[in-house]
Amino acid sequence: MKVYISADMEGIAGVVGREQLVPEGFEYEKFREFMTAEVNAAIEAARDAGATEIVVSDSHGNGQNLLLDRLPQDIQLVRSWPRPLGMMQGIDDSFDAALFIGYHASAGNSGGIAAHTVSSKAFSSVKIDGEETSEGELNALIAGHFGVPVVMVSGDDAAIDEICGQLGAIEGAIVKWHYSHTSARTLMPVAAQNIIRDKVKAGLARRDEIEPLRPKEQMTLDLSFRKNRLAKRAASLPDVEVVDSRSVRFVGSIIEISEFIETACG
22 MKVYISADME GIAGVVGREQ LVPEGFEYEK FREFMTAEVN AAIEAARDAG ATEIVVSDSH
82 GNGQNLLLDR LPQDIQLVRS WPRPLGMMQG IDDSFDAALF IGYHASAGNS GGIAAHTVSS
142 KAFSSVKIDG EETSEGELNA LIAGHFGVPV VMVSGDDAAI DEICGQLGAI EGAIVKWHYS
202 HTSARTLMPV AAQNIIRDKV KAGLARRDEI EPLRPKEQMT LDLSFRKNRL AKRAASLPDV
262 EVVDSRSVRF VGSIIEISEF IETACG
């Protein structure tokens, strides 16, 4: 069994804001350790469930958060940017299942810690076929393009409610409960790692009954930017429709949409 793990940081236990999420934050180095530990919990559980090959995508911020010397030395790791498939770079049809660790709610979600979609600096809204999308849904569509089901996600309660609502009956590991955009009640790191292990095993045990989220051949992406100049730059790309001074529309396959988003937020 071959397993793909996409790891973000906003949904890691204890994370509530910039002090944990950016390199200049006073707790960032400690939370790199916690992020690595949650990914390791997922790896251990996947192996217990029969995984023989694992690829991990470091998908937060600069893409250089996970501590290589604390990861199993027989996995493979995707790091840094740019990469056409974003948080799912390296996935293909050889994988049996995908896991999402440390995920967060979307830009259109009024709840959740650090809720945004792809780039909090660039985008105020990301919609696919007219519906606000989360990184979980976007990445599941990319996995689904290759026929790979997403079987488990971890994060705060808002993220789990939203992503499980978009993907269906997958396993959700809630590691904290939001009070606001920057406040939460959280599990301790070891408790979070334990629930992640349980949910990974449960998800992989059910992988044959969980359907991939299959994208349509052509889908419509609506991007709304926080700044006019970013929208203007995106409008200069091929096959783009200008909606208004801060919004553009692009129609393409989910792979083309991913490549467009990566270019637009770069």
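Residue numbering for the sequence shown follows this note's numbering, beginning at 22 and increasing consecutively.
The beta-carbon is built from N, C-alpha and C at its ideal position, and this holds for glycine as well.
All values derive from a computational prediction rather than experimental measurement.
query: Does DSSP put I149 in a helix, in a strand, or in coil?; result: strand
query: Taking E192 as the reference, give the member of M56, D219 and D95 with the closest Cα.; result: D219
query: Is the beta carbon of L88 sitting closer than 8 Å to the one on T57?; result: yes
query: Please classify N160 as buried or exposed, where buried requires at least 16 other C-beta atoms within 10 Å of its C-beta.; result: buried
query: Evaluate Y124 with the Cβ neighbour count: other Cβ atoms within 10 Å of its Cβ, from every protein chain shown; 16 or more gives buried, anything less gives exposed.; result: buried
query: How would you write the range of the alpha helix (DSSP H) that F55 sits in, first residue to last?; result: Y49 to D69
query: How many Å lie between I276 and M209 at the Cα?; result: 37 Å
query: Within 10 angstroms of the Cβ of D288, are there 16 or more other Cβ atoms? Answer buried if so, exposed if not.; result: This structure gives no information on residue 288, because the portion of the chain shown stretches from 22 to 287.
query: From M22 to V99, what does the alpha carbon distance come to, in whole angstroms?; result: 19 Å
query: Hey, which unbroken runs of the beta strand (DSSP E) at 3 residues or more fall wholly within the stretch 182-227?; result: 192-201 and 204-207
query: What does DSSP give as the partner residue(s) for D79 in the beta ladder?; result: A28
query: Does the Cβ-Cβ distance between C286 and S127 come in under 8 Å?; result: no
query: Between the beta-carbon of S266 and the beta-carbon of D243, is there less than 8 Å?; result: no
query: Could you check whether M109 and I64 sit closer than 8 Å to each other, using their CB atoms as the reference points?; result: no
query: A194 to F52, Cα distance in whole Å?; result: 18 Å
query: Looking only at DSSP bridge pairs, what is A119 linked to?; result: Y25 and V171
query: Here's the rule I'm using: 16 or more other beta-carbon atoms within 10 Å means buried, otherwise exposed. How should Y25 be labelled?; result: buried
query: On the criterion of 16 or more Cβ atoms from any shown chain inside 10 Å, does F281 qualify as buried, or is it exposed?; result: buried
query: What is the DSSP secondary structure of G176, counted as helix, strand or coil?; result: strand
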